[in-house]
Amino acid sequence: MNEMDKPDRATLRRLAEALGVPVEQFFKNAMSTEATADGDECLRLWLSIRTAEGRARALKMLREIVEEKA
């Protein structure tokens with residue numbers, strides 16, 4: 001990755017805040033390939049939701065899953 005490809009700190013901070021994770025999460029090598037692929041799919045799906053209503057429904061379902069401790 002060259003210098004032009006590296007995200008700046010402000011961008012990483014905004015991404016981390018939006019995802020609800022610490023910035024350090026982006027640099028952890030401990031994530032499995034499966035977990036990384038699942039996270040990539042979640043982001044791809046999120047970005048494909050076209051409406052605010054759709055994103056709100058998706059977030060509501062994710063919050064319900066987290067509350068169930070699944």
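For the sequence shown, the UniProt record's numbering assigns the number 1 to the initial residue and increments by one for each residue that follows. Note that the Cβ used here is the ideal one computed from N, Cα and C, for glycine as well. Please read all numbers here as calculations on a predicted model, not as lab measurements.
Between the CA atoms of residue j and residue i - distance to the nearest angstrom
| i | j | result |
| --- | --- | --- |
| R9 | R57 | 30 Å |
| M1 | T51 | Caution applies to M1, whose pLDDT of 48 falls short of 50 and renders its modelled position unreliable; the model cannot decide the point. |
| A35 | T11 | 22 Å |
| R55 | I49 | 6 Å |
| A63 | C42 | In the sequence as displayed, the identity of residue 63 is Arg instead of Ala. Cα to Cα, the separation comes out at about 14 Å. |
| W46 | D40 | 10 Å |
| E68 | A16 | 24 Å |
Start-to-end residues for the alpha helix (DSSP H) that takes in residue i
| i | result |
| --- | --- |
| I65 | 52-67 |
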